[in-house]
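Colleague: Residue numbers (my numbering): 26 to 453.
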């Protein structure tokens, strides 16, 4: 039996090389294999790996900063879109009033010195009242400066996620509700200081307190504490008497008859306050008999707007229906377009405030129709009387001489022979 033969010579077996040839060796570097693997990767894989390495160091903070910048810019645009028109309209009313006073003073240049001073005091008093309303609205003192610009709005939007912003304008509730989730995550939590209520020391002995629900709790005293409900005191409206040369005689007669009335000079008017409603009625009757010029400061009625009724509905039917429901109606007016005078299916109702009348929010039907009730939005600025064309009162309570707005003569403005528009003529 023959011995087995090797098909391949073992590694330790000496290899036979051709005669005269040198042996060849191949050395493989492991680092060369790594370089080959880096070159074989695609370009996209290398870009993604570089972006990932960059994001682990800087991209997280940069992304947050960019998001905050975009958030502040969008919020600034929204604030400017909502608040800037209202601010411009508020300041334009003051500018128009200032121009109107300048034109009036120029028109009065042919009058005597005393008459010119009287007209000037009268106009400046109206301007002073409008400035007081402007100050109460917490608007900037400069009537030419606009606060709600883009940069001003951007500053306020930036205060949403910072700890400043105590003296900036108040933002609308809709934007506050939108910004609140982000504000709670990004704002720094500050500890609020709680102010203790101030206690006033009194020398009177402490009054005994009793629980009106003690009978329900099983206490011995079963008599419930009957507390009296405070009754609202009716305030008499003030009488604004126009300042005249004979004011002393008028006030002497009023003070002689009604000892409890008080008089106070307010601009170009004398403010008379009566103690009771009867005295108020008698004083106004006396001033009317003496043909004195005055107007009354009365509480503004509650104005609501009704929608959902046909355009041909009679206002008297609306008034009768609302009175049957328990409301005290002063006036019902159908609104019209300002230019075309076309009637609209919208009715304005003036309600008299009284604790015994039902709430206007409970009003659902009128004239057997389902309606929607909304509050009346008045135009910005002071009220102007249609009788004397002065401000801060209505023609209903005005007893001042009638004056046309166009020519200044004693007749109504709509009856004036001047048919030009008010903007093209000098105001009286």
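For every residue, glycine included, the Cβ atom is placed at its ideal position computed from N, Cα and C.
1) Below 8 angstroms on the Cβ atoms is my guess for residue 378 versus residue 327; work out the distance and round it to an integer in Å.
2) For residue 18, which three-state DSSP category applies?
3) By a C-beta neighbour count over all protein chains shown, 10 Å radius and 16 as the cutoff for buried, is residue 121 buried or exposed?
4) Within the same chain, show all residues whose beta-carbon is closer than 7 angstroms to that of residue 442, passing over the 5 residues directly before and after it, in chain order.
5) Mind checking residue 351: buried by the 16 CB within 10 Å criterion, or exposed?
6) Look at the alpha carbon of residue 277 and the alpha carbon of residue 271, and state the distance between them as a whole number of angstroms.
7) Return the residue from the list 292, 264 and 293 that minimises the CA-CA distance to residue 279.
8) At what residues does the alpha helix (DSSP H) containing residue 275 begin and finish?
9) With DSSP as the reference, identify every bridge partner of residue 288, one or two as the case may be.
10) Note the first and the last residue of the continuous alpha helix (DSSP H) segment covering residue 180.
11) How big is the Cα-Cα spacing for residue 410 and residue 382?
12) Spell out whether any CB of chain E is found under 7 angstroms from the CB atom of residue 175.
13) Between 274, 151 and 394, which lies nearest to residue 418 when the distance is taken from Cα to Cα?
14) Take every Cβ of the segment 365-380, pair it with every Cβ of the segment 331-340, and state whether three or more of those distances are shorter than 8 angstroms.
15) Between which two residues does the alpha helix (DSSP H) carrying residue 340 extend?
16) Using the Cβ count rule (16 or more neighbours within 10 Å means buried), how would you classify residue 282?
17) Can you tell me whether DSSP reads residue 438 as helix, strand or coil?
18) If we ignore side chains and look at the alpha-carbon of each, how far apart do residue 344 and residue 130 end up?
19) State the DSSP-derived secondary structure class of residue 122, mapped to helix, strand or coil.
20) May I have the straight-line CA-CA distance separating residue 9 from residue 423, to the nearest angstrom?
21) How many whole angstroms separate the CB atoms of residue 182 and residue 109, which I take to be in contact at a CB cut-off of 8 angstroms?
22) Near residue 346, which residues of its chain fall below 6 angstroms by C-beta distance, leaving aside the five closest residues on each side in sequence?
23) Helix, strand or coil, according to DSSP, for residue 21 in the structure here?
24) Could you spell out the range, first to last residue, of the beta strand (DSSP E) harbouring residue 354?
25) Distance check for residue 89 and residue 407, CA to CA, integer angstroms please.
26) With respect to the beta strand (DSSP E) encompassing residue 319, which residues constitute its N-terminal and C-terminal limits?
27) By the three-class DSSP mapping on this structure, what secondary structure does residue 304 have?
28) Contact defined as beta carbons within less than 8 angstroms: I believe residue 294 pairs with residue 266. What is the distance between those atoms, to the nearest angstrom?
29) If you draw a straight line from the alpha carbon of residue 5 to that of residue 113, how long is it in whole angstroms?
30) What does the alpha-carbon distance come out to for the pair residue 177 and residue 106?
31) Kindly indicate the opening and closing residues of the beta strand (DSSP E) around residue 396.
32) For residue 267, which beta-bridge partners are listed by DSSP?
33) Could you check what DSSP says for residue 113 in three-state terms: helix, strand or coil?
34) Can you tell me where the beta strand (DSSP E) holding residue 377 begins and where it ends?
35) Please state whether the Cβ-Cβ distance between residue 375 and residue 355 is less than 7 angstroms.
36) How would you call residue 308, buried or exposed, if buried means at least 16 neighbouring beta carbons within 10 angstroms?
Modeller: Concretely, from the data shown:
1) Counted from its first residue, the chain shown places residue 378 at position 353. Counted from its first residue, the chain shown places residue 327 at position 302. Contact holds; Cβ gap of about 6 angstroms.
2) Not covered by the structure: residue 18. The range shown for the chain is 26 to 453.
3) If you number the chain shown from 1, residue 121 lands on position 96. Exposed is the call here.
4) The residue given as residue 442 occupies position 417 in the chain shown. Closer than 7 angstroms at Cβ, skipping near neighbours: no residue.
5) For the purposes of this step, residue 351 is taken as the residue at position 326 of the chain shown. Exposed, because fewer than 16 other Cβ atoms sit within 10 Å of the Cβ of residue 351.
6) The residue given as residue 277 occupies position 252 in the chain shown. The residue given as residue 271 occupies position 246 in the chain shown. Distance between the alpha carbons of residue 277 and residue 271: 10 angstroms.
7) One-based indexing of the chain shown puts residue 279 at position 254. It is 264 whose Cα lies nearest to the Cα of residue 279.
8) What you label residue 275 is simply residue 250 of the chain shown in a count that begins at 1. Start and end: 272-282.
9) Position 263 of the chain shown holds residue 288. Residue 288 is bridged to 297.
10) In the chain shown, counting from the first residue as 1, residue 180 sits at position 155. Where residue 180 is concerned, the enclosing alpha helix (DSSP H) stretches over 175-183.
11) The residue you call residue 410 lines up with position 385 of the chain shown. The residue you call residue 382 lines up with position 357 of the chain shown. Going by the C-alpha atoms only, they are around 29 angstroms apart.
12) In the displayed structure, chain E is absent; only one protein chain is listed.
13) Mapped onto the chain shown, residue 418 falls at position 393. For the residues 274, 151 and 394, the minimum Cα distance to residue 418 belongs to 151.
14) yes
15) Counting from one through the chain shown, the residue named residue 340 turns up at place 315. 340-349 is the span of the alpha helix (DSSP H), which, as asked, contains residue 340.
16) The count along the chain shown starts at 1 and reaches residue 282 at position 257. Exposed: under 16 other Cβ atoms inside 10 Å.
17) Within the chain shown, residue 438 is the residue found at index 413, counting from 1. In the structure shown, residue 438 sits in a helix (DSSP, three-state: H, G or I).
18) Here residue 344 refers to the residue found at position 319 when the chain shown is read from its first residue. Here residue 130 refers to the residue found at position 105 when the chain shown is read from its first residue. Cα-Cα distance, rounded: 45 angstroms.
19) Translated into the one-based positions of the chain shown, residue 122 becomes position 97. In this structure, residue 122 counts as helix in the three-state DSSP scheme.
20) No answer is possible for residue 9: it lies beyond the span of the chain, which begins at 26 and ends at 453.
21) Start at 1 with the first residue of the chain shown, and residue 182 comes out as number 157. Start at 1 with the first residue of the chain shown, and residue 109 comes out as number 84. Going by Cβ atoms, the distance from residue 182 to residue 109 rounds to 14 angstroms, so no, they are not a contact pair.
22) Numbered from its first residue, the chain shown carries residue 346 at position 321. If we look at residue 346 and ignore the five residues flanking it on each side, its Cβ neighbours are 391 and 392.
23) This structure cannot settle anything about residue 21, because the visible part of the chain is limited to 26 through 453.
24) Looking up residue 354 in the chain shown gives position 329. From DSSP, the beta strand (DSSP E) with residue 354 extends over 354-361.
25) The residue given as residue 407 occupies position 382 in the chain shown. The residue given as residue 89 occupies position 64 in the chain shown. Taking the straight line from one Cα to the other gives about 48 angstroms.
26) For the purposes of this step, residue 319 is taken as residue 294 along the chain shown, with counting starting at 1. Taken as a continuous stretch (DSSP letters only), the beta strand (DSSP E) holding residue 319 covers 319-322.
27) Position 279 of the chain shown, counted from the first residue, corresponds to residue 304. Helix, per DSSP.
28) Within the chain shown, residue 294 is the residue found at index 269, counting from 1. Within the chain shown, residue 266 is the residue found at index 241, counting from 1. So it is a contact: roughly 6 angstroms between Cβ atoms.
29) Since the displayed the chain opens at 26 and closes at 453, residue 5 lies outside it and no answer follows.
30) Counted from its first residue, the chain shown places residue 177 at position 152. Counted from its first residue, the chain shown places residue 106 at position 81. Cα to Cα, the separation comes out at about 12 angstroms.
31) Along the chain shown, one-based indexing puts residue 396 at 371. Where residue 396 is concerned, there is no enclosing beta strand (DSSP E), given that its DSSP letter is neither H nor E.
32) Numbered from 1 along the chain shown, position 242 holds the residue referred to as residue 267. Per DSSP, 294.
33) As a working note, residue 113 is residue 88 in the chain shown. Three-state result, residue 113: helix.
34) Taking the chain shown and counting its residues from 1, one reaches residue 377 at position 352. It is not in any beta strand (DSSP E) - residue 377 carries neither H nor E in the DSSP assignment.
35) By one-based count along the chain shown, residue 375 stands at place 350. By one-based count along the chain shown, residue 355 stands at place 330. The answer is yes: Cβ separation under 7 angstroms.
36) As a working note, residue 308 is residue 283 in the chain shown. So residue 308 ends up on the buried side.
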